[in-house]
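Some notes on the structure that comes next.
Numbering (the working numbering), first residue to last: 90 to 662.
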């Protein structure tokens, strides 16, 4: 009987407790606030650092664009997610809790610093294009990149951040939170996060630095996988309708990061291209005046320059036939001679093309940890070697380092002609900007010599030499920036030199082709259609060839819009 009475009493207590909970939602809310407050108090160091690491990129980016409301929104967005992470960590104990906490903080700090660096140079969050560049770059090029953009302000910032971390750690141990102050602001943070981040879902990936990386990394990995697909998707699809003119020597010089705006050949006040200037003055060089690249980074440009892919295409670039397979099927022996790196095969579309050629050779077999300061002049002995053992029909590609940063490593000491005192142009007049511009102009000067030496090597042969870079470069011409990227590009990154040299034997043997080239120098052009022009020069015809896309063809469509990132370039302000 006593046991039954105790059971009834306990049952009544449970019922009354359940009844009170059901009838007192305010009590539930109060318990929730108390738990959240307890978590904030116990995990103050973790939550504060996570807020700083994830808010700094938002604050920096939107303040650069004077969008202060969006910057404040960046403070609210990650809050609920970070509180939730704090709740999870608060449930853990011992070494697991400590290890997880510091792992998350370390990753967040590294990614935050990386994103701040990217925002400072590209005025954007991390994108697939930037990730692709990282994937396609070896360690030494990465070190070069960081060295080129390093400034003492970054070091000062890192020291300041370290002091903030130390102070927060001290505060979290010594100072107790004001309960009333937390309760005053906490609901606003949580409600904003709930209704503008969690419920819509679309903003969820923007909350944290590492969640913002998900989409661009996925896209970049997809692109890297696509580079492997080139070997299977482009191997057996080539059909030749007409093998063409049997030109003995077709030479394509692929430059790097070269803006026509820094070439005296195109009106730049400093004499940066004296040799090409002289050739043009003597009518030995056809200088095309209005040519742009389809992208402002190497991978993006090369996957269109050497294939039938363009901005109008509906299929993937690697599903299109490429120039090297076509030239091989038309009877040409194909050569790829490069002063670029040999590492990063599957992420480097240039090397993917090199592997399509009959013969490939690099100035050095360099792994990621080796220096890559070889001057482009080291390509010339490789060229002379294959010229002595060539076939009846040859297609050469010479891939230069050109004017790629760091600029001071792209020329030999005897080409250090320009200094900061020569640099009067550019919108930024700081010592650093003038020095960078001078180094870049010296790289252009050296590039002029290499390009003309290649032309000189074929002077007495039946040959045509085409020179163009993958894209241009911004060197404080139009904005406070040096480098290139599809994100926040400038015209300096897209406007490139495009020149053609034909030897006397070529002129005599193919006078009509030579005349067509000469008559085309004033036409506007984008190099995503380059494959059509090269095939038109050679006379090779495939089912994909379109005469309206060849700049030298009488039926060339000059009304075709040059679309870059969904914008009409010719109406781009």
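Just so you know, even glycine gets a beta-carbon here, dropped at the ideal spot from N, CA and C.
- Rounded to the nearest whole angstrom, the CA to CA distance from residue 220 to residue 418 is 35 Å.
- 380 is the residue among 155, 380 and 512 whose C-alpha sits nearest the C-alpha of residue 659.
- Residue 344 sits close to residue 556, with the two beta carbons spaced by under 8 Å.
- Counting only runs of 3 or more residues that sit fully inside the segment 472 to 547, the beta strand (DSSP E) segments are 483 to 488, in chain order.
- Residue 386 places its beta carbon 8 Å or farther from that of residue 424.
- The beta-carbon separation of residue 364 and residue 610, rounded to 19 Å, does not stay under the 8 Å limit for a contact.
- In the structure shown, residue 249 falls within a helical segment according to DSSP collapsed to helix, strand and coil.
- For residue 586, the secondary structure class from DSSP, reduced to helix, strand or coil, is coil.
- Rounded to whole angstroms, residue 537 and residue 452 show a C-alpha spacing of 19 Å.
- About 12 Å separates the beta carbons of residue 582 and residue 383, which is beyond the 8 Å limit, so they are not a contact pair.
- Between residue 396 and residue 445, the alpha-carbon positions lie close to 13 Å from each other.
- Under DSSP, residue 552 shares a beta bridge with 338.
- Beta-bridge partners of residue 146 (DSSP): none assigned.
- Ranking 398, 645, 257 and 333 by CA distance to the CA of residue 408 puts 398 first.
- For residue 297, no beta strand (DSSP E) segment is defined, and its DSSP state is neither H nor E.
- Here residue 178 is near residue 132, since their CB atoms are less than 8 Å apart.
- Fully enclosed beta strand (DSSP E) runs of no fewer than 3 residues occupy 422 to 427 of the segment 398 to 431, in order along the chain.
- Between residue 331 and residue 630, the gap from beta carbon to beta carbon is short of 8 Å.
- Annotated three-state conformation of residue 563 is strand, per DSSP.
- Residue 326 sits in coil when the DSSP states are folded into three classes, being neither helix nor strand.
- A Cβ-Cβ contact shorter than 8 Å links residue 487 with residue 543.
- By the Cβ-count criterion, residue 406 is buried, with 16 or more other Cβ atoms from all chains shown falling within 10 Å of its own Cβ.
- Considering only 347, 254 and 215, the residue with the shortest C-alpha distance to residue 309 is 215.
- Between residue 151 and residue 159, the C-beta spacing is below 8 Å.
- In this structure, the CA atom of residue 641 is about 58 Å from the CA atom of residue 140.
- Straight-line measurement puts the Cα of residue 483 at about 37 Å from the Cα of residue 655.
- Take residue 652, set aside five residues on each side of it, and the residues of its chain with a beta-carbon closer than 6 Å to its own are 400, in chain order.
- Of the other Cβ atoms in all chains shown, 16 or more fall within 10 Å of the Cβ of residue 301; this residue is therefore buried.
- With contacts defined as CB atoms closer than 8 Å, residue 496 and residue 475 fail to qualify as a contacting pair.
- The shortest CA-to-CA distance from residue 645 to any of 612, 661, 627 and 144 is the one to 612.
- Residue 412 holds the alpha-carbon nearest to the alpha-carbon of residue 391 among 412, 372, 374 and 403.
- Distance from the CA of residue 467 to the CA of residue 494, rounded to the nearest whole angstrom, comes to 18 Å.
- For residue 472, the number of other beta carbons within 10 angstroms of its own is at least 16, and it is reported as buried.
- In the DSSP annotation of this structure, the continuous segment of the alpha helix (DSSP H) that includes residue 602 starts and ends at 600 to 607.
- Within the same chain, Cβ atoms closer than 6 Å to the Cβ of residue 636 are found at 642 and 644, the five residues on either side in sequence being excluded.
- At the C-beta level, residue 520 and residue 509 come within 8 Å of one another.
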